[in-house]
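Numbering (my numbering), first residue to last: 1 to 420.
Below is one structure, written out as structure tokens; the observations come after it.
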């Protein structure tokens, strides 16, 4: 059977793909092989990492913007780009991000809720205004709120930084007046920072790098009693994300953006739970809603993913590899229904997902060496089994009948082309 493969550059937060277009170019028509663990796991990991990073960022912005903006612009910089550790797999990144998110605060009444002295917020540049409200309970920081509005330009290194829009945060209460969530609201919030590029030999300035971020929308962080994770208020829940944003970066000052991307999280609801509680895993993450991603430097990386009760379970564990080598890593299984589409890569399909055998990825590795997943195309009904091989590859069994129609020696080099 003749195959036509697509080649693409793989990025940490963009799905890698497997399979091929099964018709055209003289080949006989055949059913399209659907998405792989790489596609669905990376789509899920992208949504989880971005959402939780935005949640952490929102809490950080609360702290930085309550301080007077001085000569440096770094105090108002925000960014949602997850910084992956070298060699870390997708599932390991998710697990790390969950721990970071749920360890935000050393105590329920800690710095997450404490916003400073009640009254107006001082901005040295006189280009912003804001207010802190203790809501009548100065000794109870859990119901503190604040709001700011910015219209600043010509500050920071080189006097080229800009900040505009609004940002506010505060508690949300249920019908019984009990705080159940913490809301972060961005109103066309934009920050542009400039940084000097210096000649290391003589210390002279030879250029200017820039980095900008925009945010618009809301993040609702659910609150639960904190007993694990050093008493974090975000115990076994995450939140609801309705937010759009952009991130751009020109590190060398040549006018070309090495990073130029946009995203939208729409009614994305993420919940997090541990079983057993306080055991540092396994972690169960459930997703519903939509994430879209646009890369302005490479349209082939643009994707949109919709999650319907997608459940990702990640378990830190140790496995015997080849029966003799005790290896630490992460097991992960995925279930639910997911749609992934990308016009540039002819990816447009919905699949229900069942993990028959959890995938195992060793610490420091990118590909699983154990595991089997069944993907059913919800339009055609076609079932495909995708199995990890012992060397980090993938076997494709169309029909789950034991016949391997395709194999990839390296999961990172797998490609895909699917239609409903």
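Glycine included, C-beta positions come from ideal geometry on N, C-alpha and C.
Exercise. In terms of alpha-carbon separation, which member of 162, 271, 370 and 379 lies closest to residue 358?
Worked result: Looking at the Cα atoms, 370 is the closest of the given residues.
Exercise. How far does the beta strand (DSSP E) with residue 172 in it reach, from first residue to last?
Worked result: Element bounds for residue 172: 161-173.
For this session: Take residue 14 and list the residues in its own chain whose beta-carbon comes closer than 8 Å to its own, dropping the five residues that flank it on each side.
Result: Below a pLDDT of 50, predicted positions are generally treated as unreliable, and residue 14, at 25, falls in that range; no measurement from the model is reported.
Problem set entry | Own chain partners of residue 168 with C-beta closer than 6 Å, once the 5 adjacent residues on each side are dropped | 147 and 185, listed in sequence order.
Problem set entry | Rounded separation between residue 311 and residue 188 - CA only | Between the C-alpha atoms of residue 311 and residue 188 there is a straight-line separation of about 32 Å.
For this session: Measure from the alpha carbon of residue 315 to the alpha carbon of each residue in 245, 361, 413 and 400, then state which is nearest.
Result: Nearest option by C-alpha distance: 361.
Exercise. Helix, strand or coil: which one does DSSP assign to residue 275?
Worked result: DSSP places residue 275 in coil when its eight states are reduced to three.
Exercise. Taking the C-alpha atoms as reference points, what is the distance between residue 12 and residue 153?
Worked result: With a pLDDT of 20 at residue 12, under the threshold of 50, the modelled position of that residue is not reliable, and no figure is offered here.
Exercise. Hey, which unbroken runs of the beta strand (DSSP E) at 3 residues or more fall wholly within the stretch 311-382?
Worked result: Those beta strand (DSSP E) runs which fall completely within the stretch 311-382 and span 3+ residues are 325-342, 347-362 and 370-377.
Exercise. Can you give the Cα-Cα distance for residue 384 and residue 182, rounded to whole angstroms?
Worked result: The straight-line gap from Cα to Cα measures roughly 42 Å.
Exercise. When you compare only the Cα positions, how much space is there between residue 409 and residue 190?
Worked result: Their backbone Cα atoms lie some 44 Å apart in a straight line.
Exercise. What is the DSSP secondary structure of residue 74, counted as helix, strand or coil?
Worked result: At residue 74, the pLDDT of 43 sits below 50, so the modelled position is not reliable; the number obtained from the coordinates is stated separately. Note: residue 74 maps to helix in three-state DSSP.
For this session: Kindly list the residues whose CB is nearer than 6 Å to the CB of residue 197, restricted to its own chain and excluding five residues on each side of it in sequence; keep chain order.
Result: Excluding residues within five positions, the ones whose Cβ falls inside 6 Å are 206, 207, 209 and 253.
Exercise. Along the chain, where does the alpha helix (DSSP H) that runs through residue 94 open and close?
Worked result: Taken as a continuous stretch (DSSP letters only), the alpha helix (DSSP H) holding residue 94 covers 90-102.
Exercise. From what residue to what residue does the beta strand (DSSP E) around residue 243 run?
Worked result: For residue 243, the uninterrupted beta strand (DSSP E) segment begins and ends at 239-250.
For this session: Starting from residue 141, trace the beta strand (DSSP E) both ways and give me its first and last residue.
Result: Careful: residue 141 lies outside any beta strand (DSSP E) and carries neither H nor E.
Exercise. Residue 208 bridges to which residues according to DSSP?
Worked result: According to DSSP, residue 208 shares a beta bridge with 196.
Exercise. Do you know offhand how far residue 249's Cα is from residue 163's?
Worked result: Between residue 249 and residue 163, the alpha-carbon positions lie close to 16 Å from each other.
For this session: Identify every residue that forms a DSSP beta bridge with residue 215.
Result: Residue 215 is bridged to 189 and 245.
Exercise. Do residue 44 and residue 265 come within 8 Å of each other at the CB atom, strictly closer than that value?
Worked result: Not closer than 8 Å, so no.
Problem set entry | Straight-line Cα distance separating residue 289 from residue 116 | One C-alpha to the other measures close to 35 Å.
Exercise. Shortest alpha-carbon distance to residue 431 belongs to which of 62, 263, 283 and 387?
Worked result: It is not possible to answer for residue 431, since the shown part of the chain is limited to 1 through 420.
Exercise. Nearest-angstrom Cα distance between residue 337 and residue 236?
Worked result: Residue 337 and residue 236 have their alpha carbons spaced roughly 23 Å apart.
Problem set entry | Contact under 8 Å by Cβ, residue 446 with residue 179 | Since the first and last residues shown for the chain are 1 and 420, residue 446 lies out of range.
Exercise. Exposed or buried, what is residue 57 when buried is set at 16 or more other beta-carbons lying within 10 Å of its beta-carbon?
Worked result: Of the other Cβ atoms in all chains shown, 16 or more fall within 10 Å of the Cβ of residue 57; this residue is therefore buried.
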